[in-house]
Structure formats: C-alpha cells, structure tokens
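> Take this structure, written in structure tokens, and hold onto it; I'll ask about it next.
Protein chains: 2
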Amino acid sequence: MAEFLSPLVTIDVVILTLREGHLQVLLMRRGAEPFAGSWALPGGYIHPEEDADLDAAARRVLHAKTGVRTPFMEQLQAFGDGQRDPRGWTATFAYFALVASDAMVLKEGANAEEVAWWQIKGKQVETPLAFDHARIVAAAVSRLRSKVEYTSLPAHLLPPKFTLPDLQKVYEQILGRQMDKSAFRKRMAEAAFLEPVTGEKRPASNRPAQLYRIKRGRGTIFFDRTI
Amino acid sequence: MAEFLSPLVTIDVVILTLREGHLQVLLMRRGAEPFAGSWALPGGYIHPEEDADLDAAARRVLHAKTGVRTPFMEQLQAFGDGQRDPRGWTATFAYFALVASDAMVLKEGANAEEVAWWQIKGKQVETPLAFDHARIVAAAVSRLRSKVEYTSLPAHLLPPKFTLPDLQKVYEQILGRQMDKSAFRKRMAEAAFLEPVTGEKRPASNRPAQLYRIKRGRGTIFFDRTI
DNA sequence: AAAATAGTGTCTCTGAGACATTATGCG
DNA sequence: CGCATAATGTCTCAGAGACACTATTTT
Numbered sequence: 003m004a005e006f007l008s009p010l011v012t013i014d015v016v017i018l019t020l021r022e023g024h025l026q027v028l029l030m031r032r033g034a035e036p037f038a039g040s041w042a043l044p045g046g047y048i049h050p051e052e053d054a055d056l057d058a059a060a061r062r063v064l065h066a067k068t069g070v071r072t073p074f075m076e077q078l079q080a081f082g083d084g085q086r087d088p089r090g091w092t093a094t095f096a097y098f099a100l101v102a103s104d105a106m107v108l109k110e111g112a113n114a115e116e117v118a119w120w121q122i123k124g125k126q127v128e129t130p131l132a133f134d135h136a137r138i139v140a141a142a143v144s145r146l147r148s149k150v151e152y153t154s155l156p157a158h159l160l161p162p163k164f165t166l167p168d169l170q171k172v173y174e175q176i177l178g179r180q181m182d183k184s185a186f187r188k189r190m191a192e193a194a195f196l197e198p199v200t201g202e203k204r205p206a207s208n209r210p211a212q213l214y215r216i217k218r219g220r221g222t223i224f225f226d227r228t229i
Numbered sequence: 003m004a005e006f007l008s009p010l011v012t013i014d015v016v017i018l019t020l021r022e023g024h025l026q027v028l029l030m031r032r033g034a035e036p037f038a039g040s041w042a043l044p045g046g047y048i049h050p051e052e053d054a055d056l057d058a059a060a061r062r063v064l065h066a067k068t069g070v071r072t073p074f075m076e077q078l079q080a081f082g083d084g085q086r087d088p089r090g091w092t093a094t095f096a097y098f099a100l101v102a103s104d105a106m107v108l109k110e111g112a113n114a115e116e117v118a119w120w121q122i123k124g125k126q127v128e129t130p131l132a133f134d135h136a137r138i139v140a141a142a143v144s145r146l147r148s149k150v151e152y153t154s155l156p157a158h159l160l161p162p163k164f165t166l167p168d169l170q171k172v173y174e175q176i177l178g179r180q181m182d183k184s185a186f187r188k189r190m191a192e193a194a195f196l197e198p199v200t201g202e203k204r205p206a207s208n209r210p211a212q213l214y215r216i217k218r219g220r221g222t223i224f225f226d227r228t229i
C-alpha cells in the first residue's frame, strides 16, 4: 500500500451553556491565519506527550478555555475534507460540552476581548465563523435538542445543586414548549438519577423547593420514553 | 502556540451483516507489521486527492473490500491514544456499515484466505484483533443493538426487496426476543419508510408475503417509541 | 380440504397527560 | 390569614400488547 501523508488533525470543542434563558456557545477570536480576526470554536492540536487519548485532549482544551474540569463532555463527530481549511485536507475531532454558566464567571471576565459567549439563534450564531465551525455548532445544537428529548442531559447545564422546577425550566427553554409539572416529576423520579440534598432548601418568599444533585456515578440517563 | 506533529490517522470500517441467523463482522488478515498475521478491521489511510471528505474515504474502503457501493453507513466514533499502535500516538475514524450478506457473495469467495466473516459472540469475535479493534467492534455492536430499539436501521441488513416477516425476524435476531406481529406491523406502517413493491410476491408453499422496499430518500427513521 | 404462513381485527389494561387539590414557606 | 409556588393526587382516554380471527397461496 502506498504511503499517504496524514492530514492535519485538530480538536475543537463546542461549549454550550444556558445564560439569561438562552442557549449560548463559547467562541474565541482567532489571532493567526487562516481566518485571523474571525470567531472560532476553542480548539487546538493534540499534544501526544500530554494527552492520554482524544477525550483527554478535549478535556485539556475545555479546561484551558473555561477553567472547568468535570462537566458533561462527549465526542460529537469528526469533520474532515479538503475544503474546510485553505491549507489543505484537514480533519477535526469535534467535542460537545455542557457547562453551568455560573461555574465560569471568572474566566470570561479575564479575557473578554478574545473569548465570548454568543447566543444561538436557531442553530447558528450571528457572525461568520472560521473554517466549517458554523456546521459544527449546528451539529452540536441538533445533538443537544435531540438528546434533551430522552435523556437527563440538561441537568449538566445547571449548577451542582438545583431544584426540580429549575430543571424543568431548562427542559422547557431548550425544547421551546411548556411541560406538565406532574408528568415531568414522575419521569425524573423513575429515571432515578437525582438524589435530594437533605436539609438544604432554597430561600424564597414562598414554599421553598427541594434541592437535588446528580447521583454520583450516573452518566447520562436515557429515558424509556420521550419526555 | 507551539507546533505539534499531527498524529497518524486512519479510517476503519466495521462492516456488519446477518448470515445464517447470526450477526457477523468482516475482518481481514494483516500482511504488514504491526500485528502482521492478526485479524483486523478493513481500513486504510485517507487519500487526499481521491477522498472528498471522511465519509467518502470510508465509502472507498467499504467498496474496495466488499464491492458494495450504497449500503447504510455512518460515522461510529473516533478512537485515538498513545497505546493503540506500537508506532506511537495514532487515531482512527471508525465507521459503521450494514450490508445484506447476499449482496457480496462474489467478493468473499475471491479472496477467502484474507477476508472473512466472523461471528459476533456477545460483543466480540473469537480471535484477538489488531490494535484496539476489539473495542471498536464492541462499540459498533452496542450502537447497532441500541439503535435497533428505536430505528428502521435493521432494514439495511436485508436485500433491497424484503417482506415484513423477514424484517421482523431481523429485529428478533438482533434483539434476542420475540415480537408481536400485529404491533410490529403497526409500528412499521406508522413509521412510513417502506413502500410495497406491487405485483411482486415471494414464492412459497403457503400464502406469499408482500414485498417491500425502503422508500427513496429515507434515511434511518427514528420511531416515537421503542419497538 | 388441509396446511402453512400472511395479514387484520378486537379487547383489555396500563400509563401518560390534563387538571385539581393539598402542602409549606414568607410576610 | 393571604399569597405564591412546591408537591402530590385523581381522572380520563389513547394506545400498546396479547390474542383471536380471517385471508391466500400450494399441495
């Protein structure tokens, strides 16, 4: 078999959060060519010495940009072709992360010129993105919307402790429709991925809601039925 | 940012079929080091001149090994780390294909020493595989089993024209449980991804079943509920 | 007509969704 | 006590599954 030059490969991470009731994605302004000055997904090269595997490389990128270490992250999809980068045939391992927006207030303020949250409108952001990053963002949003229907994934958009009404609002915001409280709570109860944080309640001028957290060791839960 | 050597990347395809009532995977015996003599997934390098994108590269690999051009294929997952290949940090774009076993009788006979179907037991094959290919096969089988529960995917394991009883048998074989005929047919009808091939019936010594084919332009259909 | 399998109809009972009611905190 | 929201209970109706029945071909 003939030898072929291996294409240049990178890691890119679509970091999504919910801020002010809207889905937002973390973007960085590029300093170097190609696409200098354009907004792009945080990403970089694999560091073979440092990164045990692809997931570790993505975690390193996430931590470098957000300071967050253990949010929800999974491989989204690989994208590779001869057009996405003017330098030639390249490929990227795209990852998909969900973070609680208040978990990273500091980082954002520190470098506001270069890193920013952009609101998702539909499946896009209202600025042209470098490379094929618009397509990658769209794929991530599709994945989120689809998985929200039948998984516990939105819990990762909230801080470690949250109430069931909080969680329901997240589902409603992402799906864009109201849900029945009773049915929602039944579904969460039978999915059994939450545990009450006893003794702690959220202060309010009305009946306070029970706080919950995700049970340790629980990955994303798949519901039997759509939510 | 420092420059890093891009890791070596390859394409590997998990080609699954149903033969003699068992799920089987196409493997090749490696001629070259590393792992010379071991069984491995069909795969290869990206050919930047030839392959428009990753999917095209995977399709080229599939066609080269099976002679089949348009089966079901989708990206499975990327795998990359410093251990899977003794030569160093490498990554592979793993694809996942389903073919009708009778669509490729010729190819198999032509080179029986080097290419063979191996039966899947559990999620494995009963021989050690090169690289981390055992893990990739397991991931493909998991994906198939999970998607079978709520998609039209098993239809791609059958020849272009097939009957509903045929299709039900495929679901039953993969899931390992019997299904109710009436419920199954209702589900297929409402999913609306099949169309009858009028005038053609399968000969038998009893009432012949209606032949169907997958409607053109239909990708994989996701059912509202699990099957 | 018998055999064998394809294909459809019916009945029941679960469980999801809509809605109502009760609970619990604060002022 | 009134208000606001949390949390739970109740009722109804659709639909999934179990099973029975009818249809269509060959021998």
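The listed protein sequences correspond, in order, to chains U and E.
Converting from the first sequence to the numbering used here requires adding 2 to each position, the first position being numbered 1.
Converting from the second sequence to the numbering used here requires adding 2 to each position, the first position being numbered 1.
Each residue gets a CB set at the ideal place from its N, CA and C atoms; glycine is no exception.
Below 8 Å on the Cβ atoms is my guess for U/A34 versus U/H135; work out the distance and round it to an integer in Å.
The residue you call residue 34 of chain U lines up with position 32 of the first sequence. The residue you call residue 135 of chain U lines up with position 133 of the first sequence. In fact, because the Cβ distance is near 15 Å, the residues do not count as touching under 8 Å.
> Which class does E/T12 belong to by DSSP, given the choice of helix, strand or coil?
Translated into the one-based positions of the second sequence, residue 12 of chain E becomes position 10. Under the three-state reduction of DSSP output, E/T12 falls in the strand class.
> Compare the C-beta of U/S144 against all C-beta atoms of chain E and say whether one is closer than 8 Å.
Mapped onto the first sequence, residue 144 of chain U falls at position 142. So no, U/S144 is outside the interface.
> Taking Cβ-Cβ distances below 8 Å as the criterion, which residues of the region 80 to 91 of chain U are in contact with chain E?
For the region 80 to 91 of chain U, which is checked against every Cβ of chain E, the residues closer than 8 Å are A80, F81, G82, D83, G84, G90 and W91.
> Return the first residue and the last residue of the alpha helix (DSSP H) that E/F186 is part of.
Walking along the second sequence from the start, residue 186 of chain E turns up at place 184. Note, E/F186: alpha helix (DSSP H), K183 to A193.
> Please give me, in chain order, every unbroken run of the beta strand (DSSP E) with length at least 3 that falls completely inside the region 7 to 57 of chain U.
The DSSP assignment places 10 to 21 and 24 to 31 as complete runs of the beta strand (DSSP E) inside the region 7 to 57 of chain U, in order along the chain (cut-off: 3 residues).
> Closest to E/V143 by CA distance: which of E/I176, E/E52 and E/D226 is it?
Looking up residue 143 of chain E in the second sequence gives position 141. Per the Cα distances, E/I176.
> I'd like the span of the alpha helix (DSSP H) that includes U/D168, first residue to last.
Sequence index remark: in the first sequence, residue 168 of chain U carries index 166 (1-based). Segment L166 to L177, the alpha helix (DSSP H) holding U/D168.
> Go ahead and label U/Q121 buried or exposed: buried means 16 or more other beta carbons lie within 10 angstroms of its beta carbon, across all protein chains shown.
Taking the first sequence and counting its residues from 1, the one referred to as residue 121 of chain U is at position 119. That one is exposed.
> Taking C-alpha atoms, which residue in U/Q26, U/F186, U/T153 and U/L29 lies nearest to U/D168?
Along the first sequence, one-based indexing puts residue 168 of chain U at 166. Checking every option, the nearest Cα to that of U/D168 belongs to U/F186.
> Is DSSP giving E/R89 helix, strand or coil here?
What you label residue 89 of chain E is simply residue 87 of the second sequence in a count that begins at 1. In the structure shown, E/R89 falls within a coil segment according to DSSP collapsed to helix, strand and coil.
> Just to make sure I have the definition right: I need the residues of chain U whose C-beta is within less than 8 Å of the C-beta of E/V95. Which are they?
Looking up residue 95 of chain E in the second sequence gives position 93. In the sequence as displayed, the identity of residue 95 of chain E is Phe instead of Val. Chain U residues near E/F95: A80, G82 and A93.
> Report the partner residues of U/P210 according to the DSSP bridge assignment.
Against the first sequence, residue 210 of chain U aligns to sequence position 208. U/P210 is not bridged to any residue.
> When DSSP labels each residue in this structure, what does U/L155 get in the three-state scheme?
What you label residue 155 of chain U is simply residue 153 of the first sequence in a count that begins at 1. Helix.
> Taking only the alpha-carbon atoms, compute the straight-line gap between E/R209 and E/G23 and give it to the nearest angstrom.
Along the second sequence, read from residue 1 onward, the residue named residue 209 of chain E stands at position 207. Along the second sequence, read from residue 1 onward, the residue named residue 23 of chain E stands at position 21. Cα to Cα, E/R209 sits roughly 23 Å from E/G23.
> With 7 Å as the limit, tell me which residues of the region 154 to 165 of chain U have their beta carbon closer than that to any beta carbon of chain E; keep them in chain order.
Within the region 154 to 165 of chain U, no residue qualifies.
> If we cut at 8 Å on Cβ distances, does U/I48 have a partner in chain E?
Mapped onto the first sequence, residue 48 of chain U falls at position 46. Closer than 8 Å: yes.
> Whose Cβ in chain E lies nearer than 8 Å to the Cβ of U/Q77?
Looking up residue 77 of chain U in the first sequence gives position 75. Under the 8 Å cutoff, chain E gives Q79 and A80.
> Can you tell me which of U/M30, U/V63 and U/L18 puts its alpha carbon nearest to the alpha carbon of U/L131?
The residue given as residue 131 of chain U occupies position 129 in the first sequence. Restricting attention to U/M30, U/V63 and U/L18, the CA atom closest to the CA of U/L131 is found in U/M30.
> Does DSSP classify U/D226 as helix, strand or coil?
For the purposes of this step, residue 226 of chain U is taken as the residue at position 224 of the first sequence. Correct three-state label for U/D226: coil.
> How far does the alpha helix (DSSP H) with U/L146 in it extend, from its first residue to its last?
Translated into the one-based positions of the first sequence, residue 146 of chain U becomes position 144. Looking at the DSSP string, the run of the alpha helix (DSSP H) that includes U/L146 is H135 to V150.
> Count the other CB atoms, across all protein chains shown, that sit within 10 Å of the CB of E/T12; report buried if there are 16 or more and exposed otherwise.
Numbered from its first residue, the second sequence carries residue 12 of chain E at position 10. The residue is buried, with at least 16 neighbouring Cβ atoms inside 10 Å.
> With a cut-off of 8 Å, do at least 3 Cβ pairs link the region 181 to 200 of chain U to the region 155 to 168 of chain U?
Put simply, the region 181 to 200 of chain U touches the region 155 to 168 of chain U. At least three CB pairs are less than 8 Å apart.
> Quick check on DSSP: helix, strand or coil for E/T200?
Walking along the second sequence from the start, residue 200 of chain E turns up at place 198. Reduced to three states, the DSSP call for E/T200 is strand.
> Between E/R62 and E/E51, which are expected to be in contact by the criterion C-beta below 8 Å, what is the C-beta distance as a whole number of angstroms?
For the purposes of this step, residue 62 of chain E is identified with residue 60 of the second sequence, where counting begins at 1. For the purposes of this step, residue 51 of chain E is identified with residue 49 of the second sequence, where counting begins at 1. Contact doesn't hold; Cβ gap of about 12 Å is too wide.
> Along the region 6 to 22 of chain E, where does the CB come closer than 7 Å to a CB of chain U? Name the residues.
F6, S8, P9, L10 and V11
> Contact defined as beta carbons within less than 8 Å: I believe E/L28 pairs with E/W119. What is the distance between those atoms, to the nearest angstrom?
As a working mapping, residue 28 of chain E is identified with position 26 in the second sequence. As a working mapping, residue 119 of chain E is identified with position 117 in the second sequence. Sure, about 6 Å apart at Cβ, within 8 Å.
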